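In order, the protein sequence lines correspond to chains A, B, C and D. Under the numbering used here, the residue at position 25 of the first sequence is numbered 26, and the numbers go up by one with no gaps. Under the numbering used here, the residue at position 183 of the second sequence is numbered 184, and the numbers go up by one with no gaps. Under the numbering used here, the residue at position 36 of the third sequence is numbered 37, and the numbers go up by one with no gaps. Under the numbering used here, the residue at position 128 of the fourth sequence is numbered 129, and the numbers go up by one with no gaps.
4 protein chains.
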Amino acid sequence: MAREDKGTVDYFTPIVEVAAGLFARKGYRGTSMRDIGRGMGIHAGSLYAHIETKEDLLEAVVHRIMEQSEKDMQAALAMGGTAREQLHEVAIRDVALIAGNREYATVFFHEWRNLSPERQVKVVRSRDRWEAGLREIIDRGVREGEFRPVDPRLASIAFASMLNWVYVWYAPEGDLSTDQLADQYVELLVDGLGAR
Amino acid sequence: MAREDKGTVDYFTPIVEVAAGLFARKGYRGTSMRDIGRGMGIHAGSLYAHIETKEDLLEAVVHRIMEQSEKDMQAALAMGGTAREQLHEVAIRDVALIAGNREYATVFFHEWRNLSPERQVKVVRSRDRWEAGLREIIDRGVREGEFRPVDPRLASIAFASMLNWVYVWYAPEGDLSTDQLADQYVELLVDGLGAR
Amino acid sequence: MAREDKGTVDYFTPIVEVAAGLFARKGYRGTSMRDIGRGMGIHAGSLYAHIETKEDLLEAVVHRIMEQSEKDMQAALAMGGTAREQLHEVAIRDVALIAGNREYATVFFHEWRNLSPERQVKVVRSRDRWEAGLREIIDRGVREGEFRPVDPRLASIAFASMLNWVYVWYAPEGDLSTDQLADQYVELLVDGLGAR
Amino acid sequence: MAREDKGTVDYFTPIVEVAAGLFARKGYRGTSMRDIGRGMGIHAGSLYAHIETKEDLLEAVVHRIMEQSEKDMQAALAMGGTAREQLHEVAIRDVALIAGNREYATVFFHEWRNLSPERQVKVVRSRDRWEAGLREIIDRGVREGEFRPVDPRLASIAFASMLNWVYVWYAPEGDLSTDQLADQYVELLVDGLGAR
DNA sequence: TATGAATGAGTGTTCATTCAT
DNA sequence: TATGAATGAACACTCATTCAT
């Protein structure tokens, strides 16, 4: 036995790091506690001196992305400036978060449905708030004439798609920094592809 | 026993439909043969009169999206016209495919890693070809001056992100048709968000 | 998979017989599904083609005694006659039940607390009804002057103790039949040990 | 580390008290060392500074009843007097022991089979001696004409049943003292239920 | 004395698959 | 084609116990 009240699992505990990597590569259900134990160099049963359930590990991984992305959105909203500047702030932060934590982000987008219904609700609500924030920025840009009169819902989903999808393809070893990527994505969204 | 030649599983067999729905909702590993049997109204063991392995079902689901999207890309490339027109053709077809087969698309994007390594290779190659096609269209647009001198790789990934992400959020019951969505996405990509 | 709706486990199924023997000898918690499987000559997992949970087996064992003893008490109460005759009827039936199913009876008396709370309630209620029946008989004997004015509650508990304890010591190989035992117990209870 | 001589566990150590309560309520196998640790306010592993094995705890609980009941029987046998007086002495002491230590008694009657074979032998022998003592008293009563010519074995088992079963039902909060209960049980056994 | 971490065996149960009928 | 029974491996998790600190 160990710490009697394990409570919520800390995001940066080595066991969560190991779990994140395995969940990303093999999926939550495809990862056994023995796999995680092996990754830690201990027996599967010994993991339970540190955590209460496998699902708690999934929650820790998911929450790391969820909570940081919400904080980032708050910061961007609080920042003021033009809508473009705010979109840029969102992009900078979100690309850094997702590209800098690809394994966590992969688990966040693919595995959250393995959480219990109550825990899923928390994830959905958090995502809703994040999306509402992005929509708000674009909405303001449209209302104040900085942007064309597009449908803010669709435009925000489009931009969210670009940002979210980063977890699928971004290679940190490449020559494209996350800031450069964010710059280009904002430019593409605002200025478009077409020649003038 | 009939149908000794089970070989590749037909995509439109009812059992594949049932499997697609379950794989999308509960994941490949979270779906048992019992679940699929229940969905078919037969016992788990009886499924093996129709298929050889569970993985064959996953392959059938994945291939449906994979092969249709490749055909669609071929058609768009073969069509000629301006780059914008070609992007529009890709968007129309891809949104229709993904939004019209959300369960299949969900499985395609989330579960392909549960295939055997050899089968995964086929999926990756197919995706690579599709992405190369998209990049080619944008590249030509840039070279011929129809588009600004953006990085075609990044622009094509951005557009692919928008299209792919449709499986996550599109609600067929909404008032937005897949053609309208495709129109708006092309307009957004080419003309951008910014007011002129 | 097997019979989709296993429902309540039948008391006379061989697996229940095996379980009763093991639960009696090693206790419910001391008996593993592997033990039961071994007793059946199949693997532990194969048991689940026939039952749903281990606890269902315990319930089946417990219910066999519980339901038969209730029926027996009903019959004795319905029979009429003197109080002594009714006590005799109870004794005959109960000793036959307990001595003839010692393993089931042992499990009934020792292991019912391993049932879920809801299932425990059913057992307690059944026992309460049985004890009330016995008390009723003695109470009538006292009221009608057939018995001395003893406390019917205590007298009925005393007689129940004698009957119940049979599961502990009765050896069917001995020369004492269950009917003889019942005769002597009634005589002892009614006439007492003392010389006149 | 102190107390290298743990050897036999003292019966009145708080840890034995805690264990007795848990073993009675949840069974020996249903009680984990963690449960016992929690009851003591320490961690499971820390228990091993006080005891050597879990089974030692069970032995301590069982021995408390076993040894006291043997002493009580010795005392009753040594006391002299009529058979009825001796039965009364046994009843007074045994009811007090069982009713005053219901948890210990429950464990004694239900859990002794979880002891090692060698330890079980000690329990069985002790029980045998106790039962022989009781039979001896009744046997003398019959031989000397104080009792009717009943089978002393059966009569002693019947009385033992009444006494032993007390652990099942006696409620110390009730208005029946253990002495009153013993009185009535002896009266019932000797005088019987029947009116003269 | 107590802790926190670990062990290694074991728990009830599920699973994809097989096969005689 | 479908069934019911079975397999053998795996699963998340618990357990009594050990031990360095």
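Each residue gets a CB set at the ideal place from its N, CA and C atoms; glycine is no exception. Values in this document were obtained by computation on a predicted structure and should not be read as measured data.
Item, Value
"Proximal residues of chain B, C-beta to C-beta of A/His111 below 7 angstroms", "His111"
"Members of the segment 172-193 of chain A near chain B, C-beta cut-off 7 angstroms", "Gln185, Tyr186, Leu189, Leu190, Val191, Asp192, Gly193"
"Positions along the segment 130-153 of chain B whose CB lies within less than 8 angstroms of some CB in chain A", "Ile139, Gly142, Gly146, Glu147, Phe148, Arg149, Val151, Asp152"
"Terminal residues of the alpha helix (DSSP H) in which B/Met41 lies", "34-41"
"CB-CB length for A/Trp131 against A/Glu71, believed under 8 angstroms", "6 angstroms"
"Straight-line gap, D/Gly46 to A/Glu119 (C-alpha atoms, nearest Å)", "35 angstroms"
"Cβ pair C/Ala97, C/Thr14 closer than 9 angstroms", "no"
"D/Leu155 vs C/Tyr186 beta-carbon contact at 9 angstroms", "yes"
"Where the alpha helix (DSSP H) through C/Ala156 begins and ends", "153-165"
"D/Gly195 versus C/Val143: straight-line alpha-carbon distance, rounded", "9 angstroms"
"Closest Cα partner of D/Gln75 within the set D/Glu137, D/Ala25, D/Ile158, D/Glu53", "D/Glu137"
"Contact set between A/Met34 and chain B, taken where Cβ atoms lie within less than 7 angstroms", "Simply none; closest approach about 15 angstroms."
"Contact list for D/Ile158 against chain C, beta-carbon separation under 7 angstroms", "Trp170"
"Neighbourhood of D/Arg30 by C-beta distance below 7 angstroms, restricted to the same chain and skipping five residues each side", "Asn115"
"Inter-stretch contact at 8 angstroms, needing at least 3 Cβ pairs: the segment 48-66 of chain B / the segment 81-96 of chain B", "no"
"Contact set for D/Ala77: own chain, Cβ-Cβ below 6 angstroms, skip 5 residues either direction", "Gln87, Glu90, Val91"
"Secondary structure of D/Ala3, DSSP reduced to three states", "Reliability of the predicted coordinates at D/Ala3 is poor, the pLDDT of 40 falling under 50, and no value is obtained from them."
"Local conformation of B/Gly175 per DSSP, three classes", "coil"
"Range covered by the alpha helix (DSSP H) that runs through C/His64", "55-79"
"Alpha-carbon to alpha-carbon, D/Arg35 and A/Arg128", "40 angstroms"
"B/Leu59 versus A/Gly28: straight-line alpha-carbon distance, rounded", "15 angstroms"
"Assigned secondary structure, B/Gly101 (DSSP; H/G/I helix, E/B strand, else coil)", "helix"
"Beta-carbon proximity of D/Leu182 to C/Leu190, cut-off 9 angstroms", "no"
"Below-9 angstroms beta-carbon distance, C/Lys55 vs any chain D residue", "no"
"Separation of D/Ala84 from C/Val125, as counted between CA atoms", "38 angstroms"
"Continuous alpha helix (DSSP H) stretch holding B/Val143: start and end", "118-144"
"Exposure of C/His205, with buried meaning 16 or more beta-carbon neighbours within 10 Å", "Chain C is shown only over 2 to 197; residue 205 of chain C falls outside these bounds and no answer can be derived."
"Cβ pair A/Ala20, A/Ile37 closer than 9 angstroms", "yes"
"9 angstroms Cβ cutoff, A/Val63 in contact with chain B", "no"
"A/Gly193 (DSSP reduced to helix, strand or coil)", "coil"
"Cβ-based neighbour list, D/Phe109, same chain, cut-off 6 angstroms, excluding 5 preceding and 5 following", "Val63, Ile66"
"Test: D/Ser117 CB closer than 9 angstroms to a CB of chain C", "no"
"Within chain D, partners of C/Gly195 - CB distance below 8 angstroms", "Arg85, Glu147, Phe148, Arg149, Val191, Asp192, Gly193"
"Selected residue, minimal CA-CA separation from A/Asn102, among A/Ile43, A/Gly193, A/Trp170", "A/Trp170"
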